[in-house]
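Asker: Before we start, here is the structure in question, set down as structure tokens.
Protein chains: 2
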Amino acid sequence: MTPSAQDIVTPVPEGQGATSLLPNGAPQPDIPLAVKLFAELEQRTGVGRPGHGINRTSYGLGEQIAHEIVLREAGRMGMVCEVDAACNLYMTMKGRENGPAVMVGSHLDSVPAGGNFDGAAGVLAGLAVASGFFKAGRRPARDLTLMAIRAEESTWFGASYVGSRAAFGKLTSDELDHVLRAGDGIPLGKAIDAAGGDAEKLRAGTAHLDPSRIAAFLEPHIEQGPVLVGEERPIGLVTGIRGSFRHRHAWCEGSYAHSGATPRAYRRDAALATARLVVAMDDAWKRLTAAGRDLAVTFGQVATGRDAAFSKIAGRTDFSLDVRSEDLEVLDFMRGELAEAVAAIEAECNVRFHLGAETGSQPARMDSDLLAHLGRIVQAQSIDARKMPCGAGHDSAVFAKMGVPTAMIFIRNRNGSHNPQEAMEIDDFAEAARVLSGFCEEGPQERR
Amino acid sequence: MTPSAQDIVTPVPEGQGATSLLPNGAPQPDIPLAVKLFAELEQRTGVGRPGHGINRTSYGLGEQIAHEIVLREAGRMGMVCEVDAACNLYMTMKGRENGPAVMVGSHLDSVPAGGNFDGAAGVLAGLAVASGFFKAGRRPARDLTLMAIRAEESTWFGASYVGSRAAFGKLTSDELDHVLRAGDGIPLGKAIDAAGGDAEKLRAGTAHLDPSRIAAFLEPHIEQGPVLVGEERPIGLVTGIRGSFRHRHAWCEGSYAHSGATPRAYRRDAALATARLVVAMDDAWKRLTAAGRDLAVTFGQVATGRDAAFSKIAGRTDFSLDVRSEDLEVLDFMRGELAEAVAAIEAECNVRFHLGAETGSQPARMDSDLLAHLGRIVQAQSIDARKMPCGAGHDSAVFAKMGVPTAMIFIRNRNGSHNPQEAMEIDDFAEAARVLSGFCEEGPQERR
């Protein structure tokens, strides 16, 4: 991907690549602590065979162990620790000034046989920063609250952002009662209670967090795509979390017929019609990319029906469509493109599309002032970063939606996420921690 | 399908639609005989439940019964009957003149749970014509040899045109030994011997038929597509049997990746690449259709791999491609289009196509003089016919390849073939028989 000039935060000036220093006397993040904790997490929550990944089930044993490790370390630094009704963990280091706190956090659960870095990197980056201040005998500008969030991976409970929504009192009774955990079928509310939480409080809508008391929420997270690796940049600053619209179970209705004996005009070819739809949506994506708009279009599953055969025109295809953008306008535009393409192809190919239910989510914009501030820190530290959208969902979307100035820092990572091959280099993690540390040292700026 | 003016053999003049008469004194085909025999075939070779089709397995009981029915009727008319080493049946009525014979024939086997008309209609049309001459006490111009061909449906033995190739001594030892019947696994040679044939003779390449002694081979057959139904024409005159090239087990190699986190330029999307290939081949078809060339392009099976998921870019698709044309030049052109599209899409989408083995067949042209002669008869009888290509393979392809002037007459038929819903009207069958009868009455014309 060739970034446009405006995407590059800091083209490092010639010969200055090595001068990555914090302002005089500012604490350095405690990277050795993070290295030690990553190893402990891998050892204690791994599936037992090296290279086969880790299991930190939401509200399960692995997640619990991870929370205990983090709590132990925060306790050693004398941080004030709290647990809310959903078992989210808050660890606070007092700041030099009064005023809304700076929060740093991410989740500690994982997908089954997942990687060690997805989620945990954000929490350990916060601990490394706190430990840096602790070891330097210095306080951050504002109260620094680390948050270890519960149940972010919707593989377990088919609901998004369970922990962060619970922190704002936004879980519903319906979800607590009827969303069941994959694997063991335990309802969310019961799983929360079993982990030491209080589902009744959540049912009442009790919030632990007050948006007005949070100056900023910062979430470091490994990049789940290949952009930073491809561009050889250690970190990225996320401009927004993409929203989406999806048709998970769409299908195209045509007619099976003899491939040799059925002329073009008599065909109702579902395979051809679906191919035309895939290409039409991709062409629209190309046009929007040329216009500089953010978008990703994916037909992840496409298959002709059970009755398909080599010498038959396909009478049916089933397919899924996933359209993502950080820009609501782009999503609306693509919804229109989809409807137009469907109508045109139905007429041309004499088929019928059944798109089924639309699901999806709203895009979440990261805070532009916060982003600018982080950009300045990145530049001062001569880190080679880029601005980029985030394609997957993260707890940051909840904070942004609640009106908290929110930002994400992506850390370069090979091989995607949600698999044991996740590969984050500790040097890249350290760059993200340094940016965080710089921010905590300076404190949030006056809002314009 | 809108036929071009040249495709229409006989635009029936206003007010003359009913004047379908043979020349004075010419015999009328014995349609009641055909009706009776269709009923007997259905009753004796049906699967036993009305509407569930018939089973006339190649070299199996159903085919044997059909041959016995036909042999019995030919014997009643005093036709000279012979059986060759492959159990093909020849029934000859002496002609008025000497010279090469006129042959009329088709096959009597069927696919499993097939229809009653595919194949049988051609043999019964010949019997109806012979019976017409017999009842009129008149002889055809030339010797008329009806041929009931064995084992045309390659569902049973995975080899094409077993019976007709055997009649010309073209079955190989390898086929006789190693082609096994679907269902019971009996080798072709053993099945032929079991039906009363002589595989050893076939192994020696002994031919029963001599192309130089056949003036014309005519095969009436139900249309397996919807063209004649759509155009409300009772019969069609086939211009050629399409050849083909095929990739039965092609696949596209991409990379699985996160649908939200992987930008366009990093994608290796097999679903998109395959869709682009389907559309490219269809666009080429459109252009050739506009140029008046014969073609049919079908991707009958397309499916993303087992690891496909809704939120993953597809790392693999498997697909089949079937390209048919009666024009060798068009097949070659499309082979070129395929190679070009593959190369362009591989470059654009960063994928790799693996097309696998190419199989296929050569197109067989029907004889243009014979076609012109049949066209004149059709016109004289005020039958509303059209010229059309034939998309499926038929024994006529073998006769054409052996240098015999060959033609096929398509009979209107609803619901395609190879299924119990085949629906040929007896009035349309009668039109085809009248054309045949007219041809037998006139005899083949001098070759130009």
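Protein chains in written order, with this note's numbering: chain S, 241 to 688; chain F, 241 to 688.
Quick reminder that beta carbons are idealized off the backbone N, C-alpha and C, glycines included.
Being a predicted model, the structure only gives us computed values, none of them experimental.
Measuring only the C-alpha atoms, how far is S:Gly345 from S:Gly286?
Answerer: 22 Å
Asker: Report the rounded CA-to-CA distance for F:Gly355 versus F:Asn653, giving the unit in angstroms.
Answerer: Distance between the alpha carbons of F:Gly355 and F:Asn653: 11 Å.
Asker: Leaving out five residues before and five after F:Met606 in sequence, what residues of the same chain have Cβ atoms less than 7 Å from its Cβ?
Answerer: Val478, Thr479, Gly480, Ala640, Thr646, Ala647 and Met648
Asker: Taking only beta-carbon positions, decide if F:Gly708 is within less than 7 Å of chain S.
Answerer: Residue 708 of chain F lies beyond the stretch modelled for chain F, which goes from 241 to 688, so this question has no answer here.
Asker: Around the C-beta of F:His418, are 16 or more other C-beta atoms found within 10 angstroms, so that it is buried, or is it exposed?
Answerer: With fewer than 16 other Cβ atoms inside 10 Å of its own Cβ, F:His418 counts as exposed.
Asker: Report the option in F:Leu281, F:Arg405, F:His461 and F:Gln268 whose CA atom is closest to the CA atom of F:Phe374.
Answerer: F:Gln268
Asker: According to DSSP, is S:Thr332 helix, strand or coil?
Answerer: strand
Asker: In chain F, what lies closer than 7 Å to S:Ala497 by C-beta?
Answerer: Gly656
Asker: Going along chain F, which residues have a C-beta under 8 Å from S:Trp525?
Answerer: Ordered by position in chain F, the residues that pass the 8 Å Cβ test against S:Trp525 are Arg504.
Asker: Which class does S:Phe539 belong to by DSSP, given the choice of helix, strand or coil?
Answerer: Collapsing the DSSP output to three states places S:Phe539 in coil.
Asker: I'd like to know if F:Val582 contacts chain S, where contact means its C-beta is closer than 7 Å to some C-beta of that chain.
Answerer: no
Asker: Report yes or no: do three or more beta-carbon pairs, one from the segment 310–330 of chain F and one from the segment 654–665 of chain F, lie closer than 8 Å?
Answerer: no
Asker: Apply the 10 Å Cβ neighbour rule to F:Asn659 and answer buried if 16 or more other Cβ atoms are within range, or exposed otherwise.
Answerer: exposed
Asker: Return the first residue and the last residue of the beta strand (DSSP E) that S:Lys627 is part of.
Answerer: Ala625 to Cys630
Asker: Check S:Leu428 in the structure and name its three-state DSSP category.
Answerer: helix
Asker: Using only the alpha-carbon positions, how far apart do F:Pro290 and F:Leu281 sit?
Answerer: 13 Å
Asker: What separation, rounded to the nearest whole angstrom, lies between the Cα atoms of F:Asp534 and S:Ala531?
Answerer: Straight-line measurement puts the Cα of S:Ala531 at about 41 Å from the Cα of F:Asp534.
Asker: Of all the options F:His461, F:Gly596, F:Glu569 and F:Trp396, which has the alpha carbon lying nearest to the alpha carbon of F:Glu493?
Answerer: F:Gly596
Asker: Can you find at least 3 beta carbon pairs, one from the segment 358–372 of chain F and one from the segment 307–317 of chain F, that sit closer than 8 Å?
Answerer: yes
Asker: Cβ closer than 9 Å: which chain S residues qualify as neighbours of F:Glu392?
Answerer: In chain order: nothing, as chain S lies at least about 15 Å away.
Asker: Using a Cβ-Cβ cut-off of 7 Å, state whether F:Arg575 counts as contacting chain S.
Answerer: no
Asker: From the DSSP output, in three-state form, read off S:Pro272 for me.
Answerer: helix
Asker: Please state whether DSSP places S:Met574 in a helix, a strand or coil.
Answerer: helix
Asker: If you draw a straight line from the C-alpha of S:Gly445 to the C-alpha of S:Thr412, how long is it?
Answerer: 8 Å
Asker: Relative to chain F, which residues along the segment 660–681 of chain S have a C-beta separation below 8 Å, given in chain order?
Answerer: none
Asker: Between F:Leu262 and F:Gly678, what straight-line distance do the alpha-carbon atoms span, to the nearest angstrom?
Answerer: Because the pLDDT at F:Leu262 is just 45, under 50, the model does not fix this residue reliably, and the point stays unresolved.
Asker: Measuring only between beta-carbons, confirm whether S:Gln246 sits less than 7 Å from chain F.
Answerer: Here S:Gln246 scores only 49 on pLDDT, less than 50, and its place in the model should not be relied on; the value that follows carries that caveat. Residue contact check for S:Gln246 against chain F: no CB pair falls below 7 Å.
Asker: Assuming F:Tyr506 and S:Gly631 form a contact by the criterion Cβ under 8 Å, report the distance between their Cβ atoms to the nearest whole angstrom.
Answerer: The Cβ separation is near 11 Å, so there is no contact.
Asker: Using a 10 Å radius around the Cβ and a threshold of 16 neighbouring Cβ atoms, would you call S:Lys552 buried or exposed?
Answerer: By the 10 Å Cβ count, S:Lys552 comes out buried.
Asker: Whose Cβ in chain F lies nearer than 9 Å to the Cβ of S:Glu308?
Answerer: Within chain F, no residue comes near S:Glu308; the closest Cβ sits about 30 Å away, beyond 9 Å.
Asker: Indicate whether S:Ala353 and S:Gly293 have their beta-carbon atoms separated by less than 7 Å.
Answerer: Closer than 7 Å, so yes.
Asker: Specify the secondary structure class of S:His418 as computed by DSSP and reduced to three states.
Answerer: Note: S:His418 maps to helix in three-state DSSP.
Asker: For F:Asp667, does the three-state DSSP call read helix, strand or coil?
Answerer: helix
Asker: Taking its Cβ as the centre, do 16 or more other Cβ atoms sit within 10 Å of F:Arg516, making it buried, or is it exposed?
Answerer: The residue is buried, with at least 16 neighbouring Cβ atoms inside 10 Å.
Asker: In whole angstroms, what separates the C-alpha of S:Val323 from that of S:Lys441?
Answerer: 13 Å
Asker: Go to S:Met521, then tell me how far its alpha helix (DSSP H) extends in each direction, as first and last residue.
Answerer: Ala510 to Ala530
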